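Adding 5 to a residue's 1-based position in the sequence shown gives its number in the working numbering. Worksheet: the structure to be examined is printed underneath.
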Amino acid sequence: MIKITSASKSFGKQVVLDDVSLEFKSAGLYVFWGKSGCGKSTLLNIIAGYDTFTSGEITVTEDIMTIFQNYELINELTVYDNIFLGRKPTSENKNLLKKMGISKLMKQYPEELSGGQKQRVGITRALISNPSIICCDEPTESLDVENKAIVLNILKEYAENHIVIMATHQKDTVLDY
């Protein structure tokens with residue numbers, strides 16, 4: 006569960022979020038949609054614990070993983086090690102790797118991947134961790150149409166039993182989901 010009460014965020018004199026109150030109690034796919042620079046990523050970063058509100062309160066009672074806009078992969082680790090981070094893969098994990106189209110990339114390093122491949126690795130890493138909440142910052146930004154559909158369907162399926170919060174400026178991308 007996430008509860009935000011009367012929260013605001015400023016960067017100097019620039020107010021990015023003003024008197025925000027939100028509550029996420031149940032599983033579902035929630036979307037913050039808006040223009041670049043309107044505070045979507047800032048709000049996600051605060052929910053995920055990477056930043057704080059200038060004023061107000063936030064309560065988070067579940068574990069959170071983040072799908073980052075800039076991938077946040079460790080260049081010195083292979084794709085396999087970036088995804089599993091010391092955990093053993095399961096048959097369900099291997100199925101997800103196939104769905105995401107990255108099962109053949111396991112021995113490669115991040116610098117050998119395209120932006121879309123890096124994005125799918127980051128998404129897979131978050132899903133395999135099986136958190137109660139996933140914060141997704143522009144998760145389909147680097148993906149072609151086919152991979153956007155695959156990722157959005159997977160996130161929609163995950164949202165049946167988890168809280169998935171997505172920030173995007175691509176309204177048309179998420180309307181069908």
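The C-beta atom is built at its ideal place from N, Cα and C for all residues, glycine as well. Please read these numbers as outputs of a predicted model, since none were measured by experiment.
What residues in its chain sit with their C-beta under 7 Å from that of residue i, if we drop five residues either side in the sequence?
i	result
A164	A32, G33, L34
I88	V126, T129, R130, I133
L78	N87, P115, K123, V126, G127
K161	L34, Y182
K153	T145, T178
T47	K14, V21, L22, D56
Go through its chain and collect everything with a Cβ distance to residue i's Cβ below 8 Å, but skip five positions before and after it.
i	result
L110	V84, L118, Q122, V126
K112	T83, V84, Y85
K45	F37, W38, G39, D142, A172, T173, H174
G54	V65, I69
Quick one: what's got a C-beta closer than 6 Å to residue i's C-beta in the same chain, skipping five residues either side?
i	result
I72	G127, I128, A131, C141, P144
N50	D56
S108	L102
M105	R125, T129
D68	P136, S137
M70	A131, S134, P136, I139
Q74	D142, E143
Going by DSSP, what residue range makes up the alpha helix (DSSP H) through residue i?
i	result
A151	Inspection of the sequence shows that residue 151 is occupied by Glu rather than by Ala. That run of the alpha helix (DSSP H) goes 150-163.
N87	84-89
S46	45-53
D177	176-179
T129	120-133
So what does DSSP say about residue i, is it helix, strand or coil?
i	result
I107	coil
E81	coil
L101	helix
K93	coil
W116	According to the sequence displayed, residue 116 carries Glu and not Trp. Helix at E116.
Check for me: the beta strand (DSSP E) holding residue i runs from which residue to which?
i	result
G33	33-38
L27	19-29
I69	69-72
List the DSSP bridge partners of residue i.
i	result
K8	E28, T64
C140	T71, I170
F16	Q19
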